[in-house]
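Everything below concerns the one structure shown next.
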Amino acid sequence: MTVALVTGATQGLGLALVEGLAQRLEPTDTVYLTGRDMNRVMTAVGSMPGGGAEVRGELLDVADPDAAAKLARQIHERHGGIDIVFGNAVMRVGPDDDPRVIADQYTEVNNFGTTRLLKAFAPLLNDNGRLLVVASSLGTLHHLAPVLHERFTKPSTLDEVDQQIALWRDAVKDGRAKAGAWPGFVNIPSKIGQVAAVRVLAEQRRESDAERGILISAVCPGMINTPTSALWWDVSTAPTPAQAATALLDLALNPVKPEHHGELVRAGEVLPFS
2 MTVALVTGAT QGLGLALVEG LAQRLEPTDT VYLTGRDMNR VMTAVGSMPG GGAEVRGELL
62 DVADPDAAAK LARQIHERHG GIDIVFGNAV MRVGPDDDPR VIADQYTEVN NFGTTRLLKA
122 FAPLLNDNGR LLVVASSLGT LHHLAPVLHE RFTKPSTLDE VDQQIALWRD AVKDGRAKAG
182 AWPGFVNIPS KIGQVAAVRV LAEQRRESDA ERGILISAVC PGMINTPTSA LWWDVSTAPT
242 PAQAATALLD LALNPVKPEH HGELVRAGEV LPFS
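Going by the numbering used here, the sequence shown opens with residue 2, and the numbers climb by one from there.
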């Protein structure tokens, strides 16, 4: 029996990942559709077309410091482990949002929420498991001033990555980031932090994961035609969430390629971190 979980799954790419997993898996398998609003979670579960794996709704607000660990314990009690985890929860921002105002909530969801998910579910991975964090091509050091690179290459633990994110968050809030070398678009340091967290965890587990066939990676779905993306770019010709989900589902369900471990992967190819 395969057990899968998707965070941020009540709409867009997350919902498409749940539907795609359910369609590709068997009736004896389980896919957990999670989100921070239970009404939206159950509405999303009800929208599933049926057939394939069972889709179960669960409450998971990754901004809650205890929520990921609590759900991980519950899944461990029910199933003994987990096979596929997609970390897709994200706080979206628009062009009119003031980074100083949203910095706390933004990092709590996108960055600290990611590290909480990694800490909670990596120990539960079964042999041949997948732990995939949805990031972006913005999550590479090419988008960051060289003077800042070591902030994301030197950490060797998830806590150290979180410390760097906290320093950046505080600099955004008090204006030092705007006056310094940090990019004005908060997505860039945030996505780099997510990829750095994946790299740190994967490096810690590299040998044992290779022996057990486990893949831990960041994944880039590319541009997607969603209302949020449309606030920033012309996405009229971009893939739908269902189309964008295909390459991510392939990564989760196809045999592991060792070169993907710990890397940011887009359409099956590694995007170099630096």
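No residue lacks a Cβ here, since even glycine has one placed at the ideal position from N, Cα and C.
{"Check": "If you follow the beta strand (DSSP E) that F87 is part of, which residue opens it and which one closes it?", "Outcome": "83-88"}
{"Check": "For H144, which residues of its own chain have a beta-carbon under 6 Å away from its beta-carbon, when the five flanking residues on both sides are left out?", "Outcome": "I189"}
{"Check": "Could you tell me which uninterrupted beta strand (DSSP E) segments, each at least 3 residues in length, are contained entirely in the segment 168-249, listed from first to last along the chain?", "Outcome": "216-220"}
{"Check": "From A182 to G214, what does the alpha carbon distance come to, in whole angstroms?", "Outcome": "40 Å"}
{"Check": "Are there 16 or more other CB atoms within 10 angstroms of the CB of R74, so buried, or fewer, so exposed?", "Outcome": "exposed"}
{"Check": "Decide yes or no for the touch test of the segment 36-47 against the segment 81-88: beta carbon pairs closer than 8 Å, at least 3 of them.", "Outcome": "no"}
{"Check": "Does the separation of the CB atoms of T141 and L272 fall below 8 Å?", "Outcome": "yes"}
{"Check": "Where does M2 land, buried or exposed, given buried means 16+ other C-beta within 10 angstroms?", "Outcome": "exposed"}
{"Check": "What residues in its chain sit with their C-beta under 8 Å from that of G176, if we drop five residues either side in the sequence?", "Outcome": "R101"}
{"Check": "Among the candidates A23, V135, G194, whose CA atom is the shortest distance from the CA of R152?", "Outcome": "G194"}
{"Check": "Under the assumption that A318 contacts V162 (Cβ atoms under 8 Å), give the Cβ distance between them as a whole number of angstroms.", "Outcome": "Only positions 2 to 275 of the chain appear in the structure, and residue 318 is not among them; the question remains open."}
{"Check": "Alpha helix (DSSP H) containing R37: first to last residue?", "Outcome": "Note, R37: premise wrong, no alpha helix (DSSP H); not H, not E."}
{"Check": "Exposed or buried, which one is V134 when buried takes at least 16 other CB atoms within 10 Å?", "Outcome": "buried"}
{"Check": "If you draw a straight line from the C-alpha of T247 to the C-alpha of L26, how long is it?", "Outcome": "14 Å"}
{"Check": "Going by other Cβ atoms of all chains shown within 10 Å of its Cβ, with 16 needed for buried, is E20 buried or exposed?", "Outcome": "buried"}
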